[in-house]
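A quick write-up on the structure given underneath.
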């Protein structure tokens with residue numbers, strides 16, 4: 006039967022859309038998810054753990070809840086390596102680090118300046134408030150949303166958390182209680198989406214309360230091939246469900262498959278760069294910059310070989326509680342563009358089949374990347390993962406800021422609180438000692454960063470919002486040139502939100518659900 010709305014992807018934005026739109030009993034929604042359909046509480050204990058590496062690293066979990074054959078090249082100096090994306094209800098919110106940092110409000114003001122009317126900091130703040138249940142009483146927080154916000158008390162932190170906090174403050178970084186407060190800088194407690202030491206994904210927070218509604222249909226293990234059209238009007242999607250090709254119809258199709266898969270669904274549907282589609286023998290319906298403008302947050306670490314008494318021993322020990330936000334001060338860069346992160350064990354970017362609890366680190370993330378890459382379909386086969394070229398650190402301002410910030414991370418690591426817990430301190434995945442940073446030339450540090458940097462698994466862009474002739478979607482998330490087709494997820498972000506993308510993607514779902522409920 007036809008539905009009113011088809012939502013493709015049950016991740017951070019798609020789950021929110023499905024839950025919010027079906028609050029109106031007259032609106033029927035079909036939610037299609039490429040991964041497994043399961044109720045909240047049916048997921049493995051590893052998915053609920055405060056330590057995400059219990060889920061991220063074992064092969065059997067990667068096969069079930071991620072895309073083990075999805076690869077990305079970070080910089081041009083590197084080979085393609087695994088790019089973690091969640092698969093299943095909750096999407097990446099079910100497998101990520103549970104970091105609940107809002108996009109900084111001044112970042113959204115820049116969105117509006119480049120043509121995204123209605124997306125300023127003042128416009129998006131109410132929807133950040135709507136999604137959260139935050140115990141901090143303030144007019145810039147919400148207290149009854151589906152996503153709980155938790156901040157671990159300092160006394161419960163891991164050894165690296167505490168040492169980085171003390172080291173950063175020794176260098177003059179201030180302490181701030183609330184990283185999600187406007188203009189918060191300095192050392193902070195990481196807010197996380199957790200309750201009673203268990204992850205709360207959008208499956209837990211949104212879909213569980215909605216899934217028994219008669220107007221919501223959820224189908225898992227449904228790989229969407231393409232959008233179907235009557236002329237330039239979307240009329241449904243073609244999907245493969247349990248090995249069978251099925252057609253689903255609706256007057257409104259919303260792609261919420263994320264920054265990797267929303268672009269390639271559009272490309273398979275004939276919407277994208279004409280030259281690419283012609284090479285793949287796909288009929289061109291519209292020549293739009295789909296798959297362009299993709300980026301992630303560059304990430305590089307300093308590894309700490311901890312003394313035995315400071316190592317984490319509990320497999321559910323929280324991997325990080327402390328971060329430090331600062332501004333690089335580089336001319337032309339936005340403020341709040343640098344984030345330092347303590348890691349008590351394991352590590353993003355460490356290729357392993359299990360968390361190594363003795364391997365701790367302090368990390369640098371560039372939170373306002375200028376470099377842009379691409380997401381391009383490999384073939385017309387919907388089961389072939391796309392070719393992802395991040396092109397990280399290609400922009401001169403990015404490599405300059407990473408170099409400056411990595412040297413400062415070295416200063417943090419040289420402080421007594423970190424030195425006292427570590428037997429050895431090494432740079433990245435190398436045998437270089439911390440002292441190398443004191444004598445290395447800028448060119449040597451740049452080459453090191455190009456070889457060593459990974460990403461923070463924060464895929465952004467690819468179906469960017471903006472002005473006609475420059476973008477894929479308009480400020481209402483409508484695909485230019487088409488009726489009944491929208492993209493609503495992290496792929497629409499035209500510029501950096503300057504934070505982990507978790508909460509911003511949920512906010513996008515909340516904001517657009519509010520808009521759609523006024524128009525459907």
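In my numbering, the protein residues as written are 6 to 525.
All C-beta atoms, glycine included, are put in the ideal place defined by N, C-alpha and C.
Using 10 angstroms around the beta-carbon of residue i, count the other beta-carbons present and answer buried if the total reaches 16, otherwise exposed.
i: residue 506; result: buried
i: residue 526; result: Because residue 526 is not part of the residues shown, which for the chain are 6 to 525, the question remains open.
i: residue 18; result: buried
i: residue 122; result: exposed
i: residue 53; result: buried
i: residue 180; result: exposed
i: residue 410; result: buried
i: residue 258; result: buried
i: residue 357; result: A caution first: residue 357 carries a pLDDT of 48, below 50, which makes its placement in the model too unreliable to give a value.
i: residue 153; result: buried
i: residue 159; result: exposed
i: residue 362; result: The pLDDT assigned to residue 362 is 45, lower than 50, so where the model puts this residue is not dependable, and the model offers no usable value.
i: residue 474; result: exposed
i: residue 503; result: buried
i: residue 250; result: exposed
i: residue 425; result: exposed
i: residue 237; result: exposed
i: residue 198; result: buried
i: residue 151; result: buried
i: residue 435; result: exposed
i: residue 266; result: buried
i: residue 403; result: buried
i: residue 187; result: exposed
Take residue i as the anchor and find which of the options has the nearest alpha-carbon.
i: residue 347; options: 499, 418, 59, 143; result: 418
i: residue 55; options: 349, 292, 491, 397; result: 349
i: residue 391; options: 73, 16, 401; result: 73
i: residue 328; options: 337, 367, 322, 228; result: 367
i: residue 261; options: 510, 8, 9, 520; result: 510
i: residue 149; options: 87, 307, 135, 216; result: 135
i: residue 245; options: 386, 430, 295, 210; result: 386
i: residue 131; options: 197, 110, 312; result: 110
i: residue 345; options: 51, 252, 165; result: 165
i: residue 468; options: 268, 516, 279, 508; result: 268
i: residue 168; options: 499, 521, 316; result: 316
i: residue 193; options: 178, 147, 213; result: 178
i: residue 101; options: 279, 128, 67, 146; result: 67
i: residue 127; options: 374, 163, 512; result: 512
i: residue 64; options: 173, 89, 497, 472; result: 89
Could you check where the beta strand (DSSP E) with residue i kicks off and where it finishes?
i: residue 76; result: 76-78
i: residue 5; result: Residue 5 lies beyond the stretch modelled for the chain, which goes from 6 to 525, so this question has no answer here.
i: residue 297; result: 297-299
i: residue 381; result: 378-381
i: residue 428; result: 427-432
i: residue 315; result: Premise fails: residue 315 is in no beta strand (DSSP E) and is neither H nor E.
i: residue 252; result: 249-254
i: residue 331; result: 327-331
i: residue 345; result: 343-348
Do the CB positions of residue i and residue j come within less than 8 Å of each other?
i: residue 117; j: residue 124; result: yes
i: residue 305; j: residue 462; result: no
i: residue 27; j: residue 525; result: no
i: residue 99; j: residue 185; result: no
i: residue 342; j: residue 406; result: yes
i: residue 171; j: residue 422; result: yes
i: residue 302; j: residue 57; result: no
i: residue 14; j: residue 256; result: no
i: residue 310; j: residue 394; result: no
i: residue 215; j: residue 38; result: no
i: residue 275; j: residue 289; result: yes
i: residue 22; j: residue 495; result: no
i: residue 508; j: residue 115; result: no
i: residue 493; j: residue 253; result: no
i: residue 211; j: residue 20; result: yes
i: residue 307; j: residue 414; result: yes
i: residue 76; j: residue 92; result: no
Which residues mark the beginning and the end of the alpha helix (DSSP H) in which residue i is found?
i: residue 283; result: 279-284
i: residue 387; result: First-last for residue 387: undefined, no H or E at that position.
i: residue 367; result: Where residue 367 is concerned, there is no enclosing alpha helix (DSSP H), although the beta strand (DSSP E) it sits in stretches over 364-371.
i: residue 514; result: 506-524
i: residue 134; result: 126-136
i: residue 197; result: Careful: residue 197 lies outside any alpha helix (DSSP H) and carries neither H nor E.
i: residue 223; result: Here residue 223 belongs to no alpha helix (DSSP H); instead the beta strand (DSSP E) covers 221-224.
i: residue 10; result: Not the alpha helix (DSSP H): residue 10 falls in the beta strand (DSSP E), residues 10-13.
With a cut-off of 8 Å, do at least 3 Cβ pairs link the segment 211-224 to the segment 32-42?
A contact exists between the segment 211-224 and the segment 32-42.
At least 3 beta-carbon pairs within less than 8 Å: the segment 477-496 vs the segment 74-94
Remark: fewer than three beta-carbon pairs, one from each stretch, lie closer than 8 Å, so the segment 477-496 and the segment 74-94 are not flagged as touching.
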